[in-house]
Amino acid sequence: MTKTVTDVICPFCGTLCDDLEVVVSDDGKELLEVYNACAIGAEKFLHSQAKDRITRPRMRQDDGSWKEISYDEAIEYTARMLTDAKKPLMYGWSSTNCEAQSVGSEIGEAVGAVMDNTATVCHGTSLIAVQDIGIPSCTLGEIKNRADRILFWGCNPAHAHPRHMSRYSIFPRGFFTGKGHTGRKMIVVDPRPTDTASLADIHLQIEQGRDYELLDALRVAFKGEKLPDVVAGIPKEKIYEVAETLKSGRFAIIFFGMGVTQSLGKNHNIDEAIAVTRDLNEYTKAAIMPMRGHYNVTGSGQVWGWLFGFPYAVDLSRGFARYNPGETTSNDLLRRDEVDAVFVLGSDPGAHFPFSSVKKIYNRPSVAIDPHETPTTEVCKVHVPVAFVGVEIGGCAYRMDNVPIETRKVVEPPEGMMTDEEFLKRVLTRVKEIQGV
Numbered sequence: 001m002t003k004t005v006t007d008v009i010c011p012f013c014g015t016l017c018d019d020l021e022v023v024v025s026d027d028g029k030e031l032l033e034v035y036n037a038c039a040i041g042a043e044k045f046l047h048s049q050a051k052d053r054i055t056r057p058r059m060r061q062d063d064g065s066w067k068e069i070s071y072d073e074a075i076e077y078t079a080r081m082l083t084d085a086k087k088p089l090m091y092g093w094s095s096t097n098c099e100a101q102s103v104g105s106e107i108g109e110a111v112g113a114v115m116d117n118t119a120t121v122c123h124g125t126s127l128i129a130v131q132d133i134g135i136p137s138c139t140l141g142e143i144k145n146r147a148d149r150i151l152f153w154g155c156n157p158a159h160a161h162p163r164h165m166s167r168y169s170i171f172p173r174g175f176f177t178g179k180g181h182t183g184r185k186m187i188v189v190d191p192r193p194t195d196t197a198s199l200a201d202i203h204l205q206i207e208q209g210r211d212y213e214l215l216d217a218l219r220v221a222f223k224g225e226k227l228p229d230v231v232a233g234i235p236k237e238k239i240y241e242v243a244e245t246l247k248s249g250r251f252a253i254i255f256f257g258m259g260v261t262q263s264l265g266k267n268h269n270i271d272e273a274i275a276v277t278r279d280l281n282e283y284t285k286a287a288i289m290p291m292r293g294h295y296n297v298t299g300s301g302q303v304w305g306w307l308f309g310f311p312y313a314v315d316l317s318r319g320f321a322r323y324n325p326g327e328t329t330s331n332d333l334l335r336r337d338e339v340d341a342v343f344v345l346g347s348d349p350g351a352h353f354p355f356s357s358v359k360k361i362y363n364r365p366s367v368a369i370d371p372h373e374t375p376t377t378e379v380c381k382v383h384v385p386v387a388f389v390g391v392e393i394g395g396c397a398y399r400m401d402n403v404p405i406e407t408r409k410v411v412e413p414p415e416g417m418m419t420d421e422e423f424l425k426r427v428l429t430r431v432k433e434i435q436g437v
């Protein structure tokens, strides 16, 4: 016999699709089928059933081999590593729930760590821009029900957020958008002819790294002022056409991704994109939203914003929260040799940090908390496998539009396996014992 769990939240990307159906065995120990998810989301659920899954902590030996250790030994190593370090780095936090992020923040405060999340290499520049000039935004539900002008800038949701267009932005029939995609105009700004661009009514194939110029040109075009013949590789006629298309809608939304946040200009690009949205509001209703990647990277920023007042790159080493991106961000700290221990949870810097930073992680006391085997677990001294958050344990996560959603547990984790929160609570208790608190 089997049973079907409905209204399951997908823990893959920031879209947090909430309509999944998961078939599990009657005893709740085996996950059999996943319906309504994209291919990547379904694989995240099914991967929890891998027969070769590592279920116990392990420590890397001097010869490169691994030795299985107990959770108690892993907790002791982690607590000692963090308390002995003068300035540990606690990085990641994007693929876990807010409850674990909260406990981890308490540990960071106790040991004087630098707390940083994956925004440091993706949408951290967006957060800086929001701090500069604010952001006129909305929820994905409002976009589904109201938006008829959709602009994707520097992002490719067809691959990165596979169900975003079908659930919220292009295809769904909302309360005021009953015609679905036929009642919407879709614009894509991208230097490459992506799968998303192939669906667009207008594709502006911008020159790489010249986003700021085109954004500024749009502001000029809104006002009908004179433009040069070509801006950022785009003829002025196309720019005027896009400006009029956006102005003629009832509700325009700008989605932007790492093509803008991590290209030349960085946070200044986002400053200008927000200014475009502000100007557009003089003609129609308009909003802007970052396409956040990891399913709960938004949540870590929310938790730290409440606790420390800053969303990422929080330096607690002086006993109070400091924030200075470029100084207190992970790659900068690693490359300057300013941290002497590395703790990673819910992310994979080994796969996307520069080699110079990964090398520094390898040469320091380090712990990786992750249910997967990843490039990061292979360079850390200790790998602690934990239950899949959103699959084998529930908890709060924030969608890309800053809406908190409670994820659901659908299947039991392997017997004896700890969750992120349980492991962190044990580490916190041990840290306090070592410190005599």
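Residues in the sequence shown are numbered from 1 upward in steps of one, following the UniProt record's numbering. C-beta: ideal position from N, C-alpha, C; glycine also.
For residue i and residue j, I'd like the C-alpha separation in whole angstroms.
i	j	result
Leu246	Asp201	12 Å
Leu151	Ile187	5 Å
Ile143	Phe256	15 Å
Gly124	Thr261	8 Å
Arg335	Lys359	9 Å
Glu106	Tyr91	14 Å
Gly154	Ile234	15 Å
Asp27	His47	19 Å
Ser166	Leu31	26 Å
Ser70	Ala313	32 Å
Cys380	His268	35 Å
Lys236	Val220	11 Å
Ala275	Cys138	16 Å
Lys51	Cys17	27 Å
Ala74	Gly104	16 Å
Lys425	Arg80	15 Å
Pro157	Tyr168	11 Å
Val367	Val121	20 Å
Met289	Lys226	29 Å
Lys87	Leu307	20 Å
Arg60	Lys3	40 Å
Ile135	Phe171	26 Å
Three-state secondary structure (DSSP) at residue i?
i	result
Glu422	helix
Asn117	strand
Ala200	coil
Leu89	strand
Asp72	helix
Glu282	coil
Glu327	coil
Ser169	helix
Cys98	helix
Asp315	strand
Glu21	strand
Asp271	helix
Ile54	coil
Tyr35	strand
His294	strand
For residue i and residue j, which I take to be in contact (beta-carbon distance under 8 Å), what is that distance rounded to the nearest angstrom?
i	j	result
Val411	Val24	5 Å
Ile361	Pro349	7 Å
Gly301	Asn97	Between Asn97 and Gly301 the Cβ distance is about 14 Å, and since that is not below 8 Å, they are no contact.
Phe222	Ala252	No, Phe222 and Ala252 are not in contact; Cβ-Cβ is about 11 Å, not under 8 Å.
Leu89	Val339	4 Å
Pro385	Pro57	7 Å
Just mark residue i as buried or exposed, buried being the case when its beta carbon has 16 or more other beta carbons within 10 Å.
i	result
Gly319	exposed
Thr15	buried
Val230	exposed
Arg250	exposed
Pro365	buried
Pro325	buried
Phe388	buried
Met1	exposed
Gly259	buried
Glu68	exposed
Asp190	buried
residue 439	The question about residue 439 has no answer, for the chain in this structure spans 1 to 437.
Leu264	exposed
Requested in this report: Any chance you could list the beta strand (DSSP E) runs of at least 3 consecutive residues sitting entirely within the segment 120-157, in chain order?
Outcome: Listed in chain order, the beta strand (DSSP E) elements of length 3 or more contained wholly in the segment 120-157 are 149-153.
**Report entry** Length at least 3, wholly inside the segment 336-406: the beta strand (DSSP E) runs in chain order
**Finding:** 341-345, 366-369, 382-384, 395-398, all fully within the segment 336-406.
**Report entry** Any alpha helix (DSSP H) of 4 or more consecutive residues that is wholly inside the segment 177-239
**Finding:** Complete alpha helix (DSSP H) runs here, min 4: 211-222.
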